[in-house]
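Number 22 in our numbering belongs to position 22 of the sequence shown; there are no gaps in the numbering. C-beta atoms are modelled at their ideal positions from N, C-alpha and C, and glycine is treated no differently.
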Amino acid sequence: MNKKLLAIFLLSTFCLRLSAQTSKDSITNLIANYYKLALQFKDGNGVTMDYAKAYSYFTKAADLGDAQSVYAVGYLQYKGLGCVQDYQKAALAFAQGAKTGKDNSMYFYGLCWRNGYGVVTKNEDSAKYWLNKAAAIGYKQAVKE
1 MNKKLLAIFL LSTFCLRLSA QTSKDSITNL IANYYKLALQ FKDGNGVTMD YAKAYSYFTK
61 AADLGDAQSV YAVGYLQYKG LGCVQDYQKA ALAFAQGAKT GKDNSMYFYG LCWRNGYGVV
121 TKNEDSAKYW LNKAAAIGYK QAVKE
């Protein structure tokens with residue numbers, strides 16, 4: 001390969017890597033912005049409390065892969081805040097978060113197993129497993145269980 005082709009190849013490789021990093025940074029920033037807006041509407045910080053808007057923004061962040069937002073969507077579905085209460089969707093969201101190691105998702109997934117909510121059948125062993133996992137990493141509500 002001659003020097004000119006090598007230079008073009010190296011430059012294009014660098015540009016692709018830079019573009020990929022920029023895209024990753026853009027997605028990270030977008031997630032952070034959606035999450036911040038969701039919290040504002042959930043808590044009423046500087047805006048009128050609006051669970052429907054919070055749910056919408058948490059869903060956008062969750063769809064981009066934010067594990068904390070996956071939990072938040074599940075929690076709002078579990079409680080019926082800003083959306084129709086849906087234990088099946090909530091349990092699926094908690095399962096997704098639990099499998100990525102989110103302590104709050106593990107706790108609520110354990111509650112789903114304990115009570116037979118959503119897509120899971122009541123199972124004390126599975127409930128204990130997820131509640132103990134959440135407690136082991138310090139989730140206070142799970143420690144109390």
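Span of the alpha helix (DSSP H) around residue i
i: LYS128; result: 124–136
i: TYR139; result: Premise fails: TYR139 is in no alpha helix (DSSP H) and is neither H nor E.
i: VAL154; result: Not covered by the structure: residue 154. The range shown for the chain is 1 to 145.
i: ASN104; result: 103–115
Residue i and residue j closer than 8 angstroms at C-beta
i: ASN157; j: TYR139; result: An answer regarding residue 157 cannot be provided, because it is not within the stretch 1 to 145 covered by the chain.
i: ALA91; j: TYR109; result: yes
i: PHE58; j: LEU81; result: no
i: ASN123; j: TRP113; result: yes
Neighbour-count burial assignment, residue i, 16 or more Cβ in a 10 Å radius
i: ALA32; result: exposed
i: ALA7; result: Here the model assigns ALA7 a pLDDT of 48, short of 50, so the residue's position is not dependable, and the following value carries that caveat. Its Cβ having fewer than 16 others within 10 Å, ALA7 is exposed.
i: GLY118; result: buried
i: LYS36; result: exposed
i: ALA52; result: exposed
i: VAL143; result: exposed
7 angstroms Cβ shell around residue i - same chain, five flanking residues per side excluded
i: GLY46; result: GLN40
i: GLN141; result: TYR107
Same chain, Cβ closer than 6 angstroms to residue i, five either side skipped, listed in chain order
i: GLY97; result: ALA67, VAL70, TYR71, SER105
i: TYR55; result: LEU76, GLY82, CYS83
i: ALA62; result: SER69, VAL70, VAL73
Cut-off 8 angstroms between Cβ atoms - residues of its own chain near residue i, not counting five sequence neighbours on either side
i: LYS79; result: GLN85
i: SER23; result: none
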